[in-house]
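Each residue of the sequence shown is one higher than the one before, starting from 967 at the first, in our numbering.
Note that beta-carbon positions come from the ideal geometry of N, C-alpha and C, so glycine has one too.
On a predicted model such as this, the values are computed, not experimentally measured, just so you know.
One structure is given below, encoded as structure tokens.
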Amino acid sequence: MSGTLPQGAISREEKLSFDNLSAHLVHPIETLLLEEGSILAVLLDVKDLIVRFYTQEGTVYAVNGVSFELDEGETLGIVGESGSGKSVSSLALMGLIPSPPGKVESGTVIFEGRDLLTLKPDQMRLIRGKEIAMIFQDPMTSLNPVLTIGTQITESLKLHEGMNTSQSRKRAADLLDMVGIPDAYRRLDDYPHQFSGGMRQRVMIAMGLSCNPKLLIADEPTTALDVTIQAQIIELVKQLKDEFNMAMIWITHDLGVVAGIADRIQVMYGGRIMESGSSHEVFGDSRHPYTEGLLGSLPRLDSSGEEKLTQIEGSPPDMRNEPAGCPFAPRCDVRERLNLERCWDERPPLETVPNAGGDETHVMSCWADIREGVA
Ligand SMILES: Nc1ncnc2c1ncn2[C@@H]1O[C@H](COP(=O)(O)OP(=O)(O)OP(=O)(O)O)[C@@H](O)[C@H]1O
Ligand code: SF4
Ligand SMILES: [Mg+2]
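So, in structure tokens, the structure goes:
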């Protein structure tokens, strides 16, 4: 999904007409021909995802029309402050929205030609863990405290890969070894509380990778860890992602964390995409006031150390109200500076940011042009 297309590649327009054609196939797996002999497939195609929670306190408008694509082997970073809809949109892909109170109101999630939102629970169970795996923020909530690590890893190997006990224990030990757990075979018989926080996160990664998934969703997998361990885990996941040739969605509130991992970055706010583009576009040519705000709170490697880091003033929106206009309006200094009244009652569409290469990878939703300083 990046910059200039290599020789022999097809343009996005050609790809779209290819998509139209493939939509008529029985299993419409969309493909993007990159160069002779190599095919880059669209692994995941999410369109117009809307998720709500109907609570006693009112309706929570958690995800409001989110669309994105992910190619095989690609890494997408989803970034945004707390409550922006990052986890809920990923849980929806996995069929894990608690219902009630949650409901996926509409949308399609095409994964390898199947709409995951139309699958029955037992069909979805076969995909979860096997083809799509998820690592959560806090391993203690996803690891069962009363079962040994070995039992928990071998369970999914037996279910999805049809292995017997000794085969699955051998594979589980290999996986623990691969993620850097010393004395792996013996540690299979230990319980989660016998591992440190960083080691538990490694166990979660080993479990996520156990069935060689095509897509790994990592939801804030390093937030609970100290900075050094965080860096080690990020490095480990990067290395394993290449080894396993997986696509990955890495969710975080911290743009700095995905800087070195993501091919593409999607910035979310108020359950919507505010800006999306290649890492290069979002870091080097950000166009949305909210992205600018997130970037302003990051220390820069090339800074003299004298610039002040800024925080975005105000708090994230109350998701029980769906604003008529831009959800960022109450906190937006650009709106204030340019006195843009329409921001309050007209919602800006997600539009392509023109670039010199002519491709359409960079999109954002804002009435202002922060580069020109005009609306
Ligand atoms: N089970 C639930 N019941 C009611 N509301 C929910 C539920 N789960 C999530 N929400 C609401 O949906 C909105 C989006 O939540 P989500 O968990 O996706 O945020 P997030 O971007 O992942 O934030 P964080 O960085 O804190 O993890 C929030 O307003 C949240 O309160
Ligand atoms: S649309 Fe208006 S309020 Fe929203 S980010 Fe742009 S300038 Fe700010
Ligand atoms: Mg979350």
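- Using a 10 angstroms sphere on the CB of Asn1110, the tally of other CB atoms stays under 16, which defines it as exposed.
- Judged by the Cβ position, Val1300 qualifies as a neighbour of ligand 2 at the 6 Å threshold, a heavy atom of the ligand being closer than this.
- Annotated three-state conformation of Arg1313 is coil, per DSSP.
- Between Gly1073 and Leu1015, the C-beta gap is smaller than 7 Å, which places the two residues in contact.
- A check of alpha carbon separations from Ala1172 across Ala1197, His1159, Val1203 identifies Val1203 as the nearest.
- Check the Cα spacing between Leu1221 and each of Met1212, Ala1213, Ile1231: the tightest is with Ile1231.
- Fully enclosed beta strand (DSSP E) runs of no fewer than 3 residues occupy 1068-1077, 1098-1101 of the segment 1068-1120, in order along the chain.
- Lys1124 sits exposed, since fewer than 16 C-beta atoms from the chains shown fall within 10 Å of its C-beta.
- The alpha-carbon separation between Val1193 and Val1169 amounts to approximately 18 Å.
- Shown here for Leu1057: same chain residues with a beta carbon closer than 6 Å to its own, the five before and five after excluded, namely Ile1063 in chain order.
- A distance criterion of 6 Å places the beta-carbon of Lys1136 beyond contact range of ligand 3, judged by its closest non-hydrogen atom.
- Set against 6 Å, the gap from the CB of Thr1194 to the closest heavy atom of ligand 1 is not smaller.
- Counting the other Cβ atoms within 10 Å of the Cβ of Tyr1020 gives fewer than 16, which makes it exposed.
- With fewer than 16 other Cβ atoms from the protein chains shown falling within 10 Å of its own Cβ, Gly1024 counts as exposed.
- A residue is called buried once 16 or more other Cβ atoms fall within 10 Å of its Cβ, and Asp1037 is buried on that count.
- Taking Glu1258 as the centre and dropping the five residues before and after it, the same chain places the C-beta of Ser1252, Ile1336 closer than 7 Å to its C-beta, in chain order.
- When beta bridges are read from the DSSP output, Gln1232 appears opposite Ile1044, Ser1242.
- Straight through space, the alpha carbons of Arg1091 and Thr1120 are spaced by roughly 16 Å.
- C-alpha of Lys1136 to C-alpha of Ser1050: approximately 41 Å in a straight line.
- Around the beta carbon of Pro1315, fewer than 16 other beta carbons sit within 10 angstroms, so the residue counts as exposed.
- In this structure, the C-beta of Ala1058 stays at least 6 Å away from each heavy atom of ligand 1.
- Between ligand 2 and the CB of Ala1334, the shortest heavy atom gap is smaller than 6 Å.
- Membership of Asp1185 in the beta strand (DSSP E) is indicated by the continuous run 1181-1185.
- The segment 1031-1047 makes contact with the segment 1206-1219: 3 or more CB pairs, one atom from each, lie closer than 8 Å.
- Runs of the beta strand (DSSP E) lying entirely within the segment 1143-1220, each at least 3 residues long, are 1181-1185, 1213-1218 in chain order.
- One Cα belongs to Trp1310, the other to Ala1184, and the distance between them is close to 34 Å.
- In this chain, the beta strand (DSSP E) harbouring Ser1033 covers 1024-1037.
- In the structure shown, the three-state DSSP call for Val1319 is coil.
- DSSP, read as helix, strand or coil, puts Phe1019 in strand.
- Using a cutoff of 6 Å, the CB of Thr1021 counts as near ligand 1, since one of the ligand's heavy atoms is closer than that.
- Here Val1075 is buried: its Cβ has 16 or more other Cβ atoms, across all protein chains shown, within 10 Å.
- Taken from the Cβ of Lys1180, every heavy atom of ligand 1 lies 6 Å or farther away.
- For Met1330, DSSP records a beta bridge to Glu1241, Glu1317.
- Set against 6 Å, the gap from the CB of Cys1292 to the closest heavy atom of ligand 2 is smaller.
- In this structure, Ser1053 has its beta carbon less than 6 Å from a heavy atom of ligand 3.
- Judged by the Cβ position, Met1285 qualifies as a neighbour of ligand 1 at the 6 Å threshold, a heavy atom of the ligand being closer than this.
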